[in-house]
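S.K.:
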Amino acid sequence: MWITGTVLKRIDWNDKLFSLRIKADVEPFIAGQFIKLSQMRDDKRVARAYSLVNPPGTDYVEVLAVAVEDGQLSPDLKALSPGDTIQVTPKATGFMTLDEVPKGALQGKHLWLLATGTAVGPFISMLATDEPWQRFEKVVLVYGVRLGEDLAYLETIKQFISQHPLQFVFIPIVTREDYPEGLSCRIPDGISSGLIEQKAGLGINAEHSQVMICGNPGMISDAQTALVEKGLAKNLRRAPGQITVEKYW
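Here the working numbering is used: position 183 in the sequence shown is 167, and no number is missing along the way.
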């Protein structure tokens, strides 16, 4: 089932990275979930999944995307302007949510959010809700990109810093150029070397840490390996652990 959404706003972060704010009658959702966008091309529907960046309760949906030159849908999305329409699934889905993170004695005190590229989207949605701040003493967002211009939603992140100065730690990682106050390593390497813990001023361990990872499959696999070496285990419903993941393609 598809419904028609109308583009309210397009934000161009750089020449390829953009966000679309869409007016659409989407059902209530949980921060971290995704919807699908689609268009008809040659009588065939082309659809792709995009995480919601906006928090629950807003009267619009917002997605963060990158225009891939030979992509089947993203170049068309990049060309949309306010007033244009796009097909949207009315119900969000997905398990990259804080509902899936253990509570109580198994929760720990610190929430680590590790993202690369557009996979920061679901974490922006979560951080705009009350839940992470109520459940955890410290919240750390590690956001890895190639270039500084690839860091989207920096003003929103700065608002989180202002609102939660004693709780929130933001660690940008830019791998292909120097970036003030940031690191230059890959996220898995930063975990293994201890650089990320040093930057955060917090240790990553099974007793105190819950880690959510969203991004490219290579980063997720390597980061999981590095975390397992630190004694953490993958979080499963039948066996609660400390590592919750979602591959972004």
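Every residue gets a Cβ at the ideal spot worked out from N, C-alpha and C, and that includes glycine.
Given a cut-off of 9 Å on the beta-carbon distance, is the pair MET196 and ILE171 in contact?
M.R.: Taking the sequence shown and counting its residues from 1, the one referred to as residue 196 is at position 212. Taking the sequence shown and counting its residues from 1, the one referred to as residue 171 is at position 187. In this structure, ILE171 does not lie closer than 9 Å to MET196 by Cβ.
S.K.: Measure from the alpha carbon of GLU181 to the alpha carbon of each residue in VAL123, SER65, VAL10, ALA51, then state which is nearest.
M.R.: Here the question's residue 181 lines up with position 197 in the sequence shown. Nearest option by C-alpha distance: VAL123.
S.K.: Mind checking GLU165: buried by the 16 CB within 10 Å criterion, or exposed?
M.R.: Taking the first residue of the sequence shown as 1, we reach residue 165 at position 181. Exposed, since its Cβ has fewer than 16 Cβ neighbours within 10 Å.
S.K.: Have a look at GLU213 and GLY92 and give me their C-alpha separation to the nearest angstrom.
M.R.: The sequence position of residue 213 within the sequence shown is 229, counting from 1. The sequence position of residue 92 within the sequence shown is 108, counting from 1. In a straight line, the C-alpha of GLU213 is about 18 Å away from that of GLY92.
S.K.: Suppose you measure from the CA of LEU111 to the CA of PRO86; what does that come to, to the nearest Å?
M.R.: Indexing the sequence shown from 1 puts residue 111 at position 127. Indexing the sequence shown from 1 puts residue 86 at position 102. C-alpha separation (whole angstroms): 18 Å.
S.K.: Which value, in whole angstroms, describes the spacing of the CA atoms of GLU121 and GLU46?
M.R.: Residue mapping note: residue 121 aligns to position 137 of the sequence shown, counting from 1. Residue mapping note: residue 46 aligns to position 62 of the sequence shown, counting from 1. One C-alpha to the other measures close to 28 Å.
S.K.: In the structure shown, what three-state DSSP assignment does TRP156 receive?
M.R.: Counted from its first residue, the sequence shown places residue 156 at position 172. Contrary to the premise, residue 156 reads as Pro rather than Trp in this sequence. In the structure shown, PRO156 sits in a strand (DSSP, three-state: E or B).
S.K.: On the CB-based measure, 16 or more other CB atoms within 10 Å of its CB, does ILE145 come out buried or exposed?
M.R.: Within the sequence shown, the letter at position 161 stands for residue 145. The residue is exposed, with fewer than 16 neighbouring Cβ atoms inside 10 Å.
S.K.: Give the DSSP bridge partners of VAL124, in chain order.
M.R.: Here residue 124 refers to the residue found at position 140 when the sequence shown is read from its first residue. Its beta-bridge partners are TRP96, VAL153.
S.K.: Tell me, to the nearest whole angstrom, how far the beta carbon of VAL153 is from that of ILE108; I am working on the premise that it is less than 8 Å.
M.R.: Locating residue 153 in the sequence shown gives position 169, where the first residue counts as 1. Locating residue 108 in the sequence shown gives position 124, where the first residue counts as 1. Wrong, their Cβ atoms sit about 15 Å apart, outside the cutoff.
S.K.: Look at the alpha carbon of ALA320 and the alpha carbon of ALA76, and state the distance between them as a whole number of angstroms.
M.R.: No information on residue 320 is available, as it lies outside the stretch -15 to 233 that the chain covers here.
S.K.: Let me confirm a value: PHE79 is counted as buried when at least 16 other C-beta atoms fall within 10 Å, else exposed. Which label applies?
M.R.: Numbered from 1 along the sequence shown, position 95 holds the residue referred to as residue 79. Exposed is the call here.
S.K.: Could you tell me the distance, in whole angstroms, from the CA atom of PRO12 to the CA atom of GLY187?
M.R.: Counting from 1 along the sequence shown, the entry for residue 12 is found at position 28. Counting from 1 along the sequence shown, the entry for residue 187 is found at position 203. When rounded, the distance between both Cα atoms is 36 Å.
S.K.: Grouping DSSP H, G and I as helix and E and B as strand, with all else coil, what is ARG119?
M.R.: Working through the sequence shown from its first residue, we reach residue 119 at position 135. ARG119: helix per DSSP, three-state reduction.
S.K.: Under DSSP, the beta strand (DSSP E) around GLU135 begins and ends at which residues?
M.R.: Within the sequence shown, numbered from 1, the residue matching residue 135 stands at position 151. Here the sequence assigns Leu to residue 135, which means Glu is not the residue at that position. First-last for LEU135: undefined, no H or E at that position.
S.K.: In whole angstroms, what is the alpha-carbon distance linking GLY185 and LYS142?
M.R.: Here residue 185 refers to the residue found at position 201 of the sequence shown. Here residue 142 refers to the residue found at position 158 of the sequence shown. Roughly 19 Å separates the two Cα atoms.
S.K.: DSSP three-state call for LYS214: helix, strand or coil?
M.R.: Position 230 of the sequence shown, counted from the first residue, corresponds to residue 214. DSSP places LYS214 in coil when its eight states are reduced to three.
S.K.: Can you pull the DSSP bridge partners for CYS198?
M.R.: Taking the sequence shown and counting its residues from 1, one reaches residue 198 at position 214. Per DSSP, ALA99, GLU230.
S.K.: Who are LEU21's beta bridge partners in DSSP?
M.R.: Here the question's residue 21 lines up with position 37 in the sequence shown. Per DSSP, ARG32, VAL72.
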